[in-house]
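This note's numbering applies: residue 959 is where the sequence shown begins, and numbers increase by one. No residue lacks a Cβ here, since even glycine has one placed at the ideal position from N, Cα and C.
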Amino acid sequence: MMEFGSPTNLVDSRYSIASPLQTTLDYEPAVHWFDGGQPAHPLFDQHHTIQSITSQIKNKLLEYALEGFTLLIHESSISVSETVLRSLESHPEISKSVLATQNYGGIYLASRSDAREWTGKWREQDSTISLIHEIDALLRMDNMGIRALNYGVHAFVNDPEMKIDREQRLIPYNAICCKGENHIAVNKKCFLLSAENSLGHRDFLYDLHDFAHLTTATLCSELYGNQYHPHLAALPPPLTALIRSPNINLKQGKLAGTPLASDGIIFSEFLTRLFNDEWRAAMTELDSEKGLPKRTYGDLTARLAWSVAEYLMGRRSLTHNTTGELVTLENPITPVELAVLAQNKAYELTSSEMEQRVFFRGRVKAEDPKDDLEDLNAWERMNWLAKNKSWTYFEARNTVKHRAQKEAYRLVAEEFLALGEEKALCQMILDNIVYEDWKRGQRVNLWDLVACSISCKV
């Protein structure tokens, strides 16, 4: 039986946890990445292209959200000043910027790059700042900001330029699976009514993270587009369950029947507990000279990956975050299961990496600590984002967990290769994880490989 090496040596380390990325004035949030290194994903160095894609997507989304806000104002009995009403037509960019600072399910559509542009343009304009405060107050009344964004997402999906695939299986309700430029797939039961129907919902309906997916899928559909249909859909239910992740957060003692190596249970339950434990430990181990944590994001990723890899090989237990239950795999995962999991992570990790270009991730669950923007007004949020130069807890947690999951799959693939288990498949898994297949000019879809393998055995 093999064991993985020291967890601190698995991933390149750059910046200390919670430290500012740059202290110089040339820091550019549309160019630099928060842990100090270029993410090892093809085309992620195309800064101008990424910025252009992000701007086009968000401008359209916020145009529709502004349309929803305007409808709400006209339907509402709330008194609205002539200044606000005139600005909706004469200076729509102001209302769109305030809409982008609203808390929508723990995500704020404003990015640090956006905030720099806005604050640089309006810092000396007292009348504009006053207007921002007034619009912000309106959007917080009767959840008008959330309702306007609900409308915006719904209208965006049904935009005439969008190609929509309506699927019966695998796509969660209200989710948007992003396949490529202006190409999405949705649950066939969703987005059928007019956008006006969404204005009545006072809670958020959608996950704005899907717009990070749309950014990466537009950047390169072959690499980063959603592959559920037809590829994942061709696999049998026991394998699709690894991605569907049913019943991952059931109460104590009721995990029977849940795939204990599913993407969801690893990411949402095991890695959340692991991350929180490691983060707390890192915050207590400070460098005596710098006053910053000694551990880097690379260290953190490596330690989490090592724990998950050991779990997947059946060598250790992990704690289920919701129930507190210790969970152990009776048998190691198989190379086929690893292939299914690794293919999905190619879609999920890259969108998480892209988030910092698209929006700011805050708190989603009530039991988590407040995020940095919650108690601020719109103008204060813009200024905070414009000045901030470091990953926050929720941003780091999301991306580091995804990185650790993919790194764990790489470790397991390498162990399978060393053990001689299904060497051809495991080499393809490894090539997929590190993009060697792409570099050779032919990206391999692991779900297709598995489906072909199954059909050949029948």
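Between residue 1313 and residue 1175, the C-beta gap is not smaller than 7 Å, which leaves the two residues out of contact. Cβ neighbours of residue 1404 within its own chain (closer than 8 Å, five residues either side excluded): 1297, 1298, 1300, 1301, 1386, 1387 and 1390. Only residues of its own chain outside the window of five on either side were considered, and among them 996 have a CB closer than 8 Å to the CB of residue 1003, listed in chain order.
Residue range 1121 to 1125 is occupied by the beta strand (DSSP E) that includes residue 1124. In this structure, residue 1352 sits away from residue 1067, with a CB-CB distance that is not shorter than 7 Å. Residue state for residue 1138 is assigned as strand, using DSSP reduced to three classes. A direct Cα-Cα distance of roughly 34 Å separates residue 1411 from residue 1277. The continuous alpha helix (DSSP H) containing residue 1103 extends over residues 1102 to 1115. When secondary structure is reduced to three states using DSSP, residue 1335 falls in the coil class, being assigned neither helix nor strand.
Collapsing the DSSP output to three states places residue 1285 in a strand. Apart from the 5 residues on each side of it in sequence, residue 1236 sits with its Cβ closer than 6 Å to the Cβ of 1258 and 1261 in its chain, given in chain order. When rounded, the separation of the alpha-carbon atoms in residue 1035 and residue 1106 is 16 Å. Its chain contains 1388 as the residues whose beta carbon lies nearer than 7 Å to that of residue 1372, once the 5 sequence neighbours on both sides are disregarded; these appear in chain order.
Distance check between residue 1013 and each of 1341, 1173, 1239 and 1098 places 1173 closest, using alpha-carbon atoms only. In this structure, the straight-line span from the alpha carbon of residue 1323 to that of residue 1132 is close to 19 Å.
Taking residue 1158 as the centre and dropping the five residues before and after it, the same chain places the C-beta of 1105 closer than 8 Å to its C-beta, in chain order. From the listed residues 1335, 1305, 1290 and 1357, the smallest Cα separation to residue 1226 is found for 1357. Sorting 993, 1263 and 1355 by C-alpha distance to the C-alpha of residue 1370 places 1263 at the top. Of the candidates 988, 1028 and 1092, the residue whose Cα lies closest to the Cα of residue 1074 is 988. Distance from the CA of residue 1219 to the CA of residue 1270, rounded to the nearest whole angstrom, comes to 7 Å. By the Cβ rule, the region 1091 to 1100 counts as touching the region 1046 to 1061, because three or more pairs are nearer than 8 Å.
Between residue 1205 and residue 1216, the CB-CB gap stays under 7 Å.
Residue 1066 has 1318 as its beta-bridge partners, per DSSP. Put simply, the region 1138 to 1158 touches the region 1174 to 1192. At least three CB pairs are less than 8 Å apart. Put simply, the backbone Cα of residue 1047 is about 24 Å away from that of residue 1062. A contact is defined here as three or more CB-CB pairs under 8 Å, and the region 1006 to 1021 fails this definition with respect to the region 1281 to 1296. Between residue 1129 and residue 1145, the CB-CB gap stays under 7 Å. Burial check for residue 1017: the Cβ neighbour count within 10 Å stays below 16, so the residue is exposed. Between residue 1275 and residue 1108, the alpha-carbon positions lie close to 41 Å from each other.
Distances from the alpha-carbon of residue 1268 to those of 1050, 1365 and 992 put 1365 closest. A residue is called buried once 16 or more other Cβ atoms fall within 10 Å of its Cβ, and residue 1078, having fewer, is exposed. Per DSSP, reduced to three states, the secondary structure at residue 1292 is coil, with no helix or strand assignment. Annotated three-state conformation of residue 1193 is coil, per DSSP.
Within its own chain, the residues whose Cβ lies closer than 8 Å to the Cβ of residue 1092, once the five positions on either side in sequence are excluded, are 1039, 1041 and 1042, listed in chain order.
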